[in-house]
Amino acid sequence: MFKAGAWRIVEDDLSGTAIRALLEQHFAGMLANSPAGSCHFLDFDGLCADGVTFWSIHRGDELAGCGALKMLGSGHGEIKSMRTAEPFLRQGVAAHMLDHIINVARERRLARLSLETGSSGAFEPAIALYQRYGFTECEPFADYQPDPFSRFMTRLL
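What follows is the structure, encoded as structure tokens:
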């Protein structure tokens, strides 16, 4: 468990109703802003699969957000399912989660961390956050294909 000030990050098994509701909101948000064939979010089974670690972040007893790290092999990891609950937007939730994922990736001795996100205006705040953390545009990685609705970013650790 990670604790920074009032924030608490825990590995989550996705069994709670609050986290499932937040993820349903995440799935709906992705589908509202990109065509279904261009949405690459992990569903509940995908988030519970081997090689994926999923965390929720809380302030007190309230769920504030979530994020995941998917191991890709060869020292490469992928950030998945970053989402902030609406009451906590613009309060640093995503930055705390991103710090946590980067630290775990370093502990696991990953050399590279990458992500896929949407390309529409709805994704600009996330893209700006990733850029502040040193992520830069890259070619599709893993099994991704070029897609006008996707942006691919990476950074060395």
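Oh and the sequence shown: position 135 is 135 in the UniProt record's numbering, straight run, nothing missing. Note that beta-carbon positions come from the ideal geometry of N, C-alpha and C, so glycine has one too.
(message) According to DSSP, simplified to helix, strand and coil, what is Ala68?
(response) strand
(request) Go through the UniProt domain "N-acetyltransferase" (9-157) residue by residue and report every complete run of the alpha helix (DSSP H) that reaches 4 residues or more, in order. (result) 17-33, 44-47, 93-107, 124-132
(request) Check each candidate in Arg59, Asp61, Phe27 and name the one with the smallest Cα separation from Leu47. (result) Phe27
(message) By alpha-carbon positions, which one of Tyr133, Gly134, Glu11, Met153 ends up nearest to Gly65?
(response) Glu11
(request) Label Ser15 either buried or exposed according to how many other C-beta atoms from any shown protein chain fall within 10 Å of its C-beta, with 16 as the threshold for buried. (result) exposed
(message) Less than 6 Å between C-beta atoms, sequence neighbours within five positions excluded: which residues of the same chain meet that for Met30?
(response) Cys39, Phe41
(message) Within 10 Å of its beta-carbon, does Leu113 have 16 or more other beta-carbons around it, so buried, or fewer, so exposed?
(response) buried
(request) Mark Glu139 as exposed unless 16 or more other C-beta atoms lie within 10 angstroms of its C-beta, in which case mark it buried. (result) exposed
(request) Counting only the same chain and skipping the five closest in sequence on each side, list residues whose C-beta sits under 6 Å from that of Arg8. (result) His58
(request) Express the C-alpha separation of Ile79 and Ser150 in angstroms, rounding to a whole number. (result) 14 Å
(request) Leaving aside the five residues before and after Ser120 along the sequence, list all residues of the same chain whose C-beta is less than 6 Å from its C-beta, in chain order. (result) Asn33
(message) What does the alpha-carbon distance come out to for the pair Thr117 and Lys70?
(response) 15 Å
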